[in-house]
Amino acid sequence: MKILVLGSGGREHAIAWRLRQSPSVSRVFVAPGNPGCAQVAECIPVSNPTPVGFLEAARQCGADLVLSGPEAPLVDGAADLFAREGIPFFGPTQAAARLEGSKIFAKQFMQRAGIPTARFAAANSLDEARAALDEFTYPVVVKADGLAAGKGVVICPSRPEAEQILEEMFAGRLVGGAGSRVVLEEYLAGEEVSFIGVSDGERIVSLEPSQDHKRIFDNDEGPNTGGMGAYSDSRILNGQQRAFIEREIMQRTIDRMREEGAPFRGFLYAGLMMTGRGPMVLEYNVRLGDPETQALLHRMEGDFGVLIRSAAEGRVDSSALRFRAQPSVCVVLAAAGYPGKPRTGDPITGIEEAERRGATVFHAGTRLDGGRLVTAGGRVLGVTHSGETLAEAIDNAYRACEAIRFEGMQFRRDIGRKGLARWRQ
Ligand code: AMP
Ligand code: GLY
-15 MKILVLGSGG REHAIAWRLR QSPSVSRVFV APGNPGCAQV AECIPVSNPT PVGFLEAARQ
45 CGADLVLSGP EAPLVDGAAD LFAREGIPFF GPTQAAARLE GSKIFAKQFM QRAGIPTARF
105 AAANSLDEAR AALDEFTYPV VVKADGLAAG KGVVICPSRP EAEQILEEMF AGRLVGGAGS
165 RVVLEEYLAG EEVSFIGVSD GERIVSLEPS QDHKRIFDND EGPNTGGMGA YSDSRILNGQ
225 QRAFIEREIM QRTIDRMREE GAPFRGFLYA GLMMTGRGPM VLEYNVRLGD PETQALLHRM
285 EGDFGVLIRS AAEGRVDSSA LRFRAQPSVC VVLAAAGYPG KPRTGDPITG IEEAERRGAT
345 VFHAGTRLDG GRLVTAGGRV LGVTHSGETL AEAIDNAYRA CEAIRFEGMQ FRRDIGRKGL
405 ARWRQ
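If you read the sequence shown in this note's numbering, its first letter stands for residue -15, the second for the next number, and so on.
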């Protein structure tokens, strides 16, 4: 089977790397990919990164199956287009991708389905939003309705700050058109867990739990980013929590989407807050997470290609899926300036040495400049390793990070530390 992966980040490198090791997969393509993807797959340039442009790439390589790393092609209807053109595609239709594409849709859906989530109000105008603020205490969470690349959520400690953010959102200054409708949401305290399943539209098979680190600085300080690192360890959830999430959140989502006429086939990601009232959904994503995927796929065994193909064909085969017990850790090395405008073009050294130390180094924002590897984005590399224990996995990953250098490199020193603190108690 020839598989085409859409996208160009660390997640897509990890997907291609894992597929490359799948016996069922003969060739792996990535469109457009990056220099890391090119080490494990064949990259196809894409001049037009829309569903139509990706369709052209799929035809060019004769793909038997296509999947998307990022959400944008899914929200833009790639699955629908590929279905019309008769090319097998694994990912939700445009109607099902609204779970990520519209926060208002997602919140109203959860309310209809009885899925635990924070209390909220939807607002279509600044006046409506101001009036709705009366129903909340502080901090309050303000979320742009549309896709905003992780920048559409602001936690506001007081009413004046909330009003200011709302003004900026509705004026289009914060996240453009994505902020023309907003969700106001009750603030939830707790630890976040990323829970991802693979669904064929009827059943959903769980991957292992993982935890992302969204803020730029240690101890969860500073602004939000796309994700500065992740770890995966089965112990993030106990059996009871896991069973609750699988039944009351994941399967319930799949059942209700089907009942509402928009069956969800693809990777379903629930961003959860583990609260005193139990796990609650902060957000859905309709794809794998980045950098959670790097940590998850590092632990995954079995034939990833069979898993995806079986789900795409409507008969998800969980026997293709196994995880090593050893925890894994992915530390993101980011460029100076990130999460603002990153500095680019700096030469990167030490990847081979990091790999000699046993790490798998996934490329996120890199490019080749006359044969030299240089930085080309905010998140540059995802240094991924595992160990017998979480502590060992963390040490292994950081030892590998020490080998890598580029000007202005920044990374968090505390990836996985919350897990260590939890299990030491
Ligand atoms: P989202 O894109 O909805 O996941 O939000 C991005 C981040 O904002 C989440 O990962 C949380 O850290 C935080 N967040 C979102 N909603 C809430 C909430 N209701 N309470 C507390 N934190 C939240
Ligand atoms: N790591 C969070 C995300 O992929 O949205």
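Every residue gets a Cβ at the ideal spot worked out from N, C-alpha and C, and that includes glycine.
| Item | Value |
| --- | --- |
| When the Cα atoms are used, what is the spatial distance from Glu151 to Arg231? | 39 angstroms |
| With a threshold of 16 other CB atoms inside 10 Å of the CB of Asn203, please say whether the residue is buried or exposed. | exposed |
| For my contact list, Pro458 and Leu221 are in at a C-beta cut-off of 8 angstroms; report their separation, rounded to the angstrom. | The structure shown does not extend to residue 458, since the chain spans only -15 to 409, so no value can be given for it. |
| Apart from the five residues just before and just after Tyr382, which ones in its own chain have a Cβ nearer than 7 angstroms to its Cβ? | Val315 |
| Bridge partners of Arg199, per DSSP? | Asn208 |
| Between which two residues does the alpha helix (DSSP H) containing Phe66 stretch? | 62 to 69 |
| Taking any heavy atom of the ligand GLY as the mark, which residues have a C-beta closer than 6 angstroms to it, listed down the chain? | Asp196, Gly211, Asn269, Gly273, Asp274, Glu276 |
| What residue from Arg43, Ser6, Pro54 has the CA that sits closest to Gly17's CA? | Pro54 |
| Quick one: what does DSSP say Asn32 is sitting in, helix, strand or coil? | coil |
| Does the separation of the CB atoms of Ala162 and Leu131 fall below 8 angstroms? | yes |
| In three-state DSSP terms, what is Phe346? | strand |
| What residues match up with Leu352 in a beta bridge as DSSP calls it? | Leu357 |
| Label Gly210 either buried or exposed according to how many other C-beta atoms from any shown protein chain fall within 10 Å of its C-beta, with 16 as the threshold for buried. | buried |
| So does the region 333 to 344 actually touch the region 297 to 308, counting three or more Cβ pairs closer than 8 angstroms? | no |
| Please name the residue, chosen from Cys21, Gly85, Val(-11), Met212, that lies closest to Leu39 on a Cα-to-Cα basis. | Val(-11) |
| Please go through the same chain and pick out, in chain order, the residues whose beta-carbon is closer than 8 angstroms to the beta-carbon of Leu404, but skip the five residues on each side of it. | Leu374, Ala375, Ile378 |
| With respect to the alpha helix (DSSP H) encompassing Asn222, which residues constitute its N-terminal and C-terminal limits? | Segment: none, Asn222 is in no alpha helix (DSSP H) and carries neither H nor E. |
| Check whether the region 389 to 398 and the region 229 to 243 touch, using three or more Cβ-Cβ pairs below 8 angstroms as the test. | no |
| For the 8 angstroms Cβ check, are there 3 or more pairs between the region 85 to 103 and the region 114 to 130? | yes |
| Can the beta-carbon of Glu(-4) be found less than 8 angstroms from the beta-carbon of Cys21? | yes |
| In three-state DSSP terms, what is Tyr322? | coil |
| Please confirm whether any heavy atom of the ligand AMP lies closer than 7 angstroms to the CB of Val137. | yes |
| Suppose only complete runs of 3+ residues qualify. What are the beta strand (DSSP E) ranges in the region 48 to 111, listed by chain order? | 49 to 52, 104 to 107 |
| Suppose you measure from the CA of Gly156 to the CA of Arg11; what does that come to, to the nearest Å? | 43 angstroms |
| Starting from the Cα of Ala360, find the closest Cα among Ser109, Met(-15), Gly(-7), Lys(-14) and give me that residue. | Gly(-7) |
| How would you call Asp407, buried or exposed, if buried means at least 16 neighbouring beta carbons within 10 angstroms? | The displayed chain sequence assigns Trp, not Asp, to residue 407. The residue is exposed, with fewer than 16 neighbouring Cβ atoms inside 10 Å. |
| Could you have a look at Ala249 and say whether DSSP puts it in helix, strand or coil? | It is worth fixing the name first, because residue 249 is Arg in this sequence and not Ala. If DSSP states are grouped into helix, strand and coil, Arg249 belongs with the strands. |
| Please confirm whether any heavy atom of the ligand AMP lies closer than 7 angstroms to the CB of Gly130. | no |
| Note the first and the last residue of the continuous beta strand (DSSP E) segment covering Tyr268. | 262 to 269 |
| What are the boundary residues of the beta strand (DSSP E) that includes Ser370? | 363 to 370 |
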